[in-house]
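Chains as they are written, first to last, in the numbering used here: chain A, 782 to 1003; chain B, 782 to 1003.
Protein chains: 2
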Amino acid sequence: MESLTQAEENYLKAVFKIGEKDNKAASTNAIAGILNTTAASVSDMLKRLAGKGLLHYEKHRGATLTEKGSELATNLVRKHRLWEVFLVKTLHFSWDEVHEIAEQLEHVQSDELIDRLDFFLEKPQFDPHGDPIPDAQGNFTMRRQVPLPSLAIGERAVVVGVQESSVAFLKYLDKIKLELGARVQVLERFEYDGTLKIELNSNEEITISHKVSENLFVQKTK
Amino acid sequence: MESLTQAEENYLKAVFKIGEKDNKAASTNAIAGILNTTAASVSDMLKRLAGKGLLHYEKHRGATLTEKGSELATNLVRKHRLWEVFLVKTLHFSWDEVHEIAEQLEHVQSDELIDRLDFFLEKPQFDPHGDPIPDAQGNFTMRRQVPLPSLAIGERAVVVGVQESSVAFLKYLDKIKLELGARVQVLERFEYDGTLKIELNSNEEITISHKVSENLFVQKTK
DNA sequence: AAATACTTTTAGGCTTGTCTAAAAATAAGA
DNA sequence: TCTTATTTTTAGACAAGCCTAAAAGTATTT
Ligand SMILES: [Mn+2]
Ligand SMILES: [Mn+2]
Ligand SMILES: [Mn+2]
Ligand SMILES: [Mn+2]
Chain A
782 MESLTQAEEN YLKAVFKIGE KDNKAASTNA IAGILNTTAA SVSDMLKRLA GKGLLHYEKH
842 RGATLTEKGS ELATNLVRKH RLWEVFLVKT LHFSWDEVHE IAEQLEHVQS DELIDRLDFF
902 LEKPQFDPHG DPIPDAQGNF TMRRQVPLPS LAIGERAVVV GVQESSVAFL KYLDKIKLEL
962 GARVQVLERF EYDGTLKIEL NSNEEITISH KVSENLFVQK TK
Chain B
782 MESLTQAEEN YLKAVFKIGE KDNKAASTNA IAGILNTTAA SVSDMLKRLA GKGLLHYEKH
842 RGATLTEKGS ELATNLVRKH RLWEVFLVKT LHFSWDEVHE IAEQLEHVQS DELIDRLDFF
902 LEKPQFDPHG DPIPDAQGNF TMRRQVPLPS LAIGERAVVV GVQESSVAFL KYLDKIKLEL
962 GARVQVLERF EYDGTLKIEL NSNEEITISH KVSENLFVQK TK
């Protein structure tokens, strides 16, 4: 089995990401959106990847990964997230700077390298954005997390992840000093637009928009 | 200035390597040999790189890097060697396993990444094979090193580098426990074929062929 | 159901990077 | 110097990946 090109790997990851979130076939347009390319290019590539047995593809009804494609994609996600941990924990990048670099590092081909990196980082289970890192067998550690807006008034929780990883969003969180591990308690909800007033780390009150809160994952605490 | 493809970068490095060693224009064949490709492909690429102002190229008389090409190549060498240090020092790879991986890592584009890696590794001046690592400005640390066979009988020295980095050679050195930093003293030279008998770390006598000794760089000591 | 909007595919073209085979240039040997 | 060997370039082809424009298919409105 000869290895994939970077382009092929990126397509696999895109199909994986769409299937993971919506649990449905990845549409041509959705893939094009993620990879910043055209629908025409995507059609082209889907045909080729289907030919290689990495995904199922029927014209006009999108693509889903095969077993083999899914394994490869999972391994890419593993590599991507491990590199992100390395960049933040070891090289002290901030969490909004690492995605682009990991996007390149994930394509370096060496299983030994990833094994050793994993060991060096002490087998982390989550990346800097709170996303789970699959182990070498492809198993994800699942976590009982919910979107922040699902909490009732008075409930306490710990922020464990972000739904979106855009630079703008992450920088905003830095600014309001809201990082992973932060303790929050919902103080008040403005029903008009979903704005939330929350207590942060038992020492500060902040107000965040619905747009922000729905992109935060938390784990309830007592 | 838009960035180079991996192929282009590899060609620049090849031209650099040839020019560095022999201090002459890189021939089409020599480049093809290093990059494991055909002379035809090399001719093609040299034309394109010359068009981009990265090297001087005249038909039938090889290529030499321009100032700009030289800067880019030096930076690639820096990246390659820093990654090799990372792989050996941080991830504990052995020195014969790192070249291939660094060959890929060197193409990751992020100046910030290399800066931080350099800092994390404490700005090493030499890579695991004893080759100098240029600093961010492109300056190499030069060292007064000579090939082992140039020592006179009785002279003492420290092994500081290898000329060749083939897996076979490095594994052989591991086997005879000859690593960088080893102290050697020349005991005897067999003029017939240049075989050397040397004392290793003041506690062992070993015999090495001329082929081996000419690939070892040493620094004389008193 | 027909019209309109949107999505997806096809057709055709371009660049990059490779190859083999043949031609041309240079170097080496007689 | 002339001939032969070697090196290098050119010619022509191909796969991967991308693009734009046009055609075809699907979904949504009216
Ligand atoms: Mn990528
Ligand atoms: Mn991430
Ligand atoms: Mn390389
Ligand atoms: Mn090296």
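Using N, Cα and C, we set each Cβ at its ideal position, and we do this for glycine too.
query	result
Rounded to the nearest angstrom, what separates B:PHE867 and B:VAL858 at their Cα positions?	14 Å
Whose C-alpha, out of A:VAL927, A:VAL943, A:ARG829, is nearest the C-alpha of A:GLU936?	A:VAL927
Rank B:LYS849, B:GLY962, B:LYS952 by C-alpha distance to the C-alpha of B:VAL879 and give the top, closest one.	B:LYS952
Return the Cβ separation of B:GLU789 and B:LEU827 in integer angstroms, given the expectation that the two are a contact with Cβ distance under 8 Å.	Wrong, their Cβ atoms sit about 11 Å apart, outside the cutoff.
Start and end of the alpha helix (DSSP H) containing B:GLN772?	Since the first residue of chain B shown is 782 and the last is 1003, residue 772 of chain B is not available in this structure.
Expressed to the nearest angstrom, what Euclidean distance is found between the alpha-carbon atoms of A:ASN996 and A:ASN920?	24 Å
Using DSSP's beta-bridge definition, name the partner residues of A:GLU969.	A:LYS978
For the stretch 901-920 of chain B against the stretch 966-979 of chain B, do three or more pairs of beta-carbon atoms, one drawn from each stretch, fall closer than 8 Å, so that the two count as touching?	no
What are the start and end residues of the alpha helix (DSSP H) that includes B:LEU827?	820-832
Is the Cβ of B:SER891 closer than 8 Å to any Cβ of chain A?	yes
Give a yes or no on whether the minimum CB-CB distance between B:THR871 and chain A is below 8 Å.	yes
Whole angstroms are fine: how far does the CA of B:LEU863 sit from the CA of B:ARG925?	22 Å
Using the Cα positions of A:HIS910 and A:TRP876, report the straight-line distance between them to the nearest angstrom.	7 Å
Taking A:LEU785 as the query, report the chain B residues whose CB atoms sit under 7 Å from its CB, ordered along the chain.	Chain B residues near A:LEU785: none, gap ~14 Å exceeds 7 Å.
Is there at least one non-hydrogen atom of ligand 4 closer than 7 Å to the beta-carbon of B:ARG1006?	A question about residue 1006 of chain B goes unanswered here, because the residues of chain B that appear run from 782 up to 1003.
Any heavy atom of ligand 3 closer than 7 Å to the beta-carbon of B:ASN791?	yes
Any C-beta of chain B within less than 7 Å: which residues of the stretch 877-911 of chain A qualify?	ILE882, GLN885, LEU886, VAL889, GLN890, SER891, LEU894, ARG897, LEU898, PHE901
What three-state label does DSSP hand A:ILE914 in the structure shown?	coil
Let me check you understand the geometry: is the CB of B:ASP912 closer than 7 Å to at least one non-hydrogen atom of ligand 4?	yes
Using the rule of at least 16 other Cβ atoms within 10 Å of the residue's Cβ for burial, across every protein chain shown, is A:ASP899 buried or exposed?	buried
For the beta strand (DSSP E) containing B:LYS1001, list its first residue and its last residue.	997-1002
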